[in-house]
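Shown next, in structure tokens, is the structure this report addresses.
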Amino acid sequence: MAGPIPRREARALRDPGRLRALARSDLLESGPEPEFDRWTVLASRLLDAPASALTLVDASREFVKSHVTGSGATMAGDHVALTHSLCREVIEAGEPLLIADAAADPAFRAHPGILAFGIGAYAGVPVRDGEGHVLGALCAMDGDARAWSAQDVESLLELAAGVELELARRDGAREAQRLQEVLGYEHLVHELIAAGAPLPRILDALVGGIESQTDGLRGSVLLCDADGLQLRHASSPALPAAYARAIDGLRTGPDAGSCGTAVHTGSEVVAEDVATDPRWARFRHLASEHGIATCWSVPIHGADARVLGTFAFHDSVPRRPTAGELSLLRHAGRLAGIAIERHRTQERLLALADVDGLTGLANRSLLLRRMRRMVSESVCARPSLAVLVCDLNRFKLINDSLGHASGDQVLAVTGRRLSSCAGPDDVVARVAGDEFVVLATGIDAYQARGMAGRIRRLLARPILDEATGTEHRITASIGVALDDGVSDADDLIRHAEAAMLAAKSSGTGIAFHESDSRERATKELELHGALREALELGQLRAVYQPVVDLRTGVIASAEALIRWTHPGLGPVSPADFIPVAERHGLIADIGDWVLRTAGLQALDWNELSGRPVPVAVNVSPRQLTDRFFADRVADILASIRLSPPLLTLEITETALVHDDAVTLRNLDALASLGVGIALDDFGTGYSSLSHLRRLPISTVKVDRSFVDGLGDDRDATAIVTGVVGMARGLGLETVAEGVETGRQVHALEQLGCDFGQGYRFARPLEAPDIVALLSR
């Protein structure tokens with residue numbers, strides 16, 4: 001008789017990996033299966049035992065898969081309570097269990113199973129799956145006491161090995177079926193790519209299909225950004241949306257969880273328990289909050305071995321992956337790589353048809369397509385449009401006298417300079433030899449004239465000829481046509497080209513297409529009425545874009561931006577309704593509403609975050625010429641009990657053009673009150689260094705057109721360097737606008753810029769979303 005086996009904890013019985021393997025096998029749900037009876041019949045014959053059984057045990061019951069009695073009859077399908085299960089003892093011990101005389105064995109003589117089934121002797125050995133999990137036991141039983149020989153145990157072990165081979169065969173068949181289904185999803189992915197589906201939809205289909213082949217695993221795809229230093233969320237249909245948002249922008253590195261580390265090392269990362277894995281130290285709270293205990297990640301490689309991103313599996317319990325799960329994960333990573341590269345290749349091919357080969361700008365075809373889409377929208381719903389046609393004067397002389405290499409360089413530099421003047425939603429195109437078009441959105445006639453002036457000044461800068469070492473100085477003639485609500489895309493370009501010819505012939509450099517359009521006046525009157533009603537009915541709302549401290553990455557403040565969604569017109573751009581408000585006397589009321597709304601929001605943030613979070617509000621030049629403006633600001637701050645240093649007013653350089661005495665008095669009064677004054681879009685308009693010295697300006701905001709060129713455009717880099725250095729020398733803070741890439745962030749940090757604002761950190765957000773960011 002074997003010595004008494006001490007009772008072990010039920011840890012092995014409840015091991016999540018073992019239970020998952022049981023569930024994956026389908027053995028508990030498939031009922032009796034004749035192919036298992038041969039093993040129990042052989043066990044009875046070889047051990048000369050009256051009864052034998054193959055049983056499986058989950059966390060709550062023992063399932064009899066096959067049972068043979070001395071008469072040779074087989075029966076199965078019965079369930080046995082765990083309290084009566086001897087096979088449970090085999091699983092918990094993980095080794096053979098031999099009971100020679102149950103009545104005399106102190107460990108088992110009172111066992112409910114011994115007493116209920118009249119067992120005098122028992123011999124059982126573990127039955128394992130390919131991963132080593134003990135799924136059940138193969139056992140022989142006798143009603144009388146008997147000694148089990150070494151040969152008996154060896155026979156049972158050999159028979160158990162036969163059962164395990166049968167289980168492996170079934171696993172192989174299931175794996176083949178699963179791979180066949182995975183191939184089906186691969187075919188679906190290729191179909192979606194061919195159909196031109198957007199990449200997020202393709203990846204969602206892939207992740208969803210792969211997830212369906214697992215036991216509750218949740219998949220995700222993260223893609224590397226342009227510099228490969230951060231990961232961006234691409235797909236995670238089954239993960240909590242809050243978790244997906246939280247990991248968007250994850251920096252790669254050796255301790256950046258499973259995915260960030262996988263990209264950093266270029267190899268798969270298996271975190272069996274994120275609560276103890278050192279690579280998850282900074283993210284454990286996030287994983288715990290969203291029920292993630294396990295994360296396995298593989299890098300997604302492109303055809304050239306570049307790491308494109310990661311594919312990961314997540315589970316709610318700590319565990320190691322099975323061989324099949326690892327194989328599936330690797331296959332998913334390969335398939336994701338194929339999907340990403342083919343989709344990007346297709347996008348590049350489509351883009352080439354719309355791109356000018358020399359400058360990389362849009363060509364005439366793409367420009368017209370974009371314009372037609374924009375002008376097809378309703379007049380009030382679409383943003384205001386301006387078309388600027390730019391023709392280079394004397395370009396033919398350079399091209400003919402110095403050769404095409406010099407001419408091509410001039411065109412390429414011109415394209416880059418035009419792009420630096422354009423906004424994120426604008427289109428810059430090369431439509432003929434030396435003719436360029438800028439389709440500017442959300443600007444009025446005043447702003448269009450300012451843009452045309454900036455373009456002419458920028459293009460007038462000398463261009464160093466790389467071939468000859470000489471400098472070329474060129475000028476440009478620019479024609480501007482404004483959308484009048486009735487002209488189509490082709491008409492607008494014709495109008496702008498006619499204006500350009502007028503500018504060239506008159507020598508003025510800039511000319512506008514004149515149109516006394518009744519429709520334009522009607523549109524403005526309708527918009528004015530709707531805006532007045534919106535102010536009365538509370539249809540305006542404020543969103544906020546964070547301003548981030550570049551040294552710490554912490555949100556330092558937020559800029560308030562107005563949004564208006566009209567019930568009938570839909571979203572109306574501020575570039576459309578703010579000029580109307582200025583012309584029709586509504587700007588003061590709108591300005592007061594924004595100040596009060598943003599100020600109250602700053603109070604909420606301060607209370608919820610436990611630290612001061614200032615808010616910035618844009619101020620119109622028209623507001624600053626109101627001699628009571630400073631008094632109104634003071635009254636609003638007092639009424640909502642907001643400390644003045646928590647408010648910054650952003651003014652543009654155009655507000656300072658005429659050195660208006662009322663404007664200057666207002667600024668001095670506001671600064672004396674403690675309100676911050678920021679000079680917005682510095683360097684794009686009427687830049688005068690004397691203003692920085694004698695006006696109470698506390699912050700300079702570097703315009704996005706200069707930030708865009710950081711690291712690539714020597715002039716832009718020099719301008720930003722100069723502005724930051726000058727501001728530091730004057731004791732002013734600097735904020736870089738339009739920050740969109742990690743490369744720009746790094747460059748700004750190196751230059752000593754204090755703060756950054758742009759899509760790299762966050763888009764304009766609703767107030768509750770700012771609260772969520774402040775709490776992180």
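Here the sequence shown is numbered in UniProt numbering, starting from 1 and rising by one per residue. Glycine included, every Cβ here is placed at the ideal spot set by N, Cα and C. Note that the structure is predicted; figures quoted are calculated from it, not measured.
Shown here for R24: same chain residues with a beta carbon closer than 7 Å to its own, the five before and five after excluded, namely D215 in chain order. Distance from the CA of G752 to the CA of K523, rounded to the nearest whole angstrom, comes to 46 Å. In this structure, V207 places its C-beta atom within 7 Å of the C-beta atom of P237. According to the DSSP assignment, G479 belongs to no alpha helix (DSSP H) but to the beta strand (DSSP E) extending over 475-482. Around the beta carbon of S220, a 10 Å sphere encloses 16 or more other beta carbons of the protein chains shown; the residue is thus reported as buried. Closest in C-alpha terms to L765, from the list L600, L222, E559, E33, comes E559. When the Cα atoms are used, A49 and D142 turn out to be separated by approximately 6 Å. DSSP, read as helix, strand or coil, puts N363 in coil. Within the segment 218-297, complete alpha helix (DSSP H) segments of at least 4 residues are found at 241-247, 257-265, 284-289, given in chain order.
When DSSP states are grouped into helix, strand and coil, E131 belongs to the coil group. Your pair L329 and C224 does not check out as a contact, with CB atoms roughly 18 Å apart and the cut at 8 Å. With a cutoff of 7 Å on beta-carbon distance, H472 and D483 are scored as not near each other. By alpha-carbon distance to A102, the top candidate from W564, I114, G172 is I114. When rounded, the separation of the alpha-carbon atoms in G132 and V547 is 54 Å. Here the alpha carbons of E272 and P318 stand approximately 6 Å from one another. Taking 7 Å as the cut-off, the beta carbon of G585 is found no closer than this to the beta carbon of Q623. In the three-state reduction of the DSSP assignment, D488 falls in the coil class. About 4 Å separates the CB atoms of S557 and P614; that is less than 8 Å, so the two are in contact. Distance from the Cα of Q601 is smallest, within the candidate group V543, V572, V724, for V543. For Q623, the uninterrupted alpha helix (DSSP H) run begins and ends at 621-624, by DSSP. Excluding its 5 nearest sequence neighbours in each direction, A503 has C-beta neighbours in its own chain below 7 Å: S477, I478, G479, G509, I510, A511, listed in chain order. By the criterion of at least three beta-carbon pairs nearer than 8 Å, the segment 157-165 is in contact with the segment 34-43. DSSP, reduced to helix, strand and coil, places R563 within a strand of the structure shown.
Residue pairing of F761 in beta bridges, as defined by DSSP: absent, with no partner found.
Within the DSSP bridge table, the entry for C421 names no partner.
I770 sits in a helix when the DSSP states are folded into three classes. The C-beta of A53 has 16 or more other C-beta atoms within 10 Å across all chains shown, which makes the residue buried. Under a 10 Å Cβ-count criterion, G570 is classified as exposed, with fewer than 16 other Cβ atoms of the shown protein chains found around its own Cβ.
For the 7 Å CB-CB criterion, A246 and L286 form a contact. In this structure, the beta-carbon distance from D576 to S267 does not fall below 7 Å.
The way I'd put it, the segment 664-680 doesn't touch the segment 709-726; fewer than three beta-carbon pairs between them come closer than 8 Å. For P579, the enclosing alpha helix (DSSP H) begins and ends at 574-583. The shortest C-alpha to C-alpha distance from L159 to any of P126, R370, A110, G758 is the one to P126. Take the alpha-carbon of L19 and the one of I91: they are about 12 Å apart. A direct Cα-to-Cα measurement between L192 and I202 gives close to 6 Å. One alpha carbon belongs to L98, the other to K65, and they sit about 21 Å apart.
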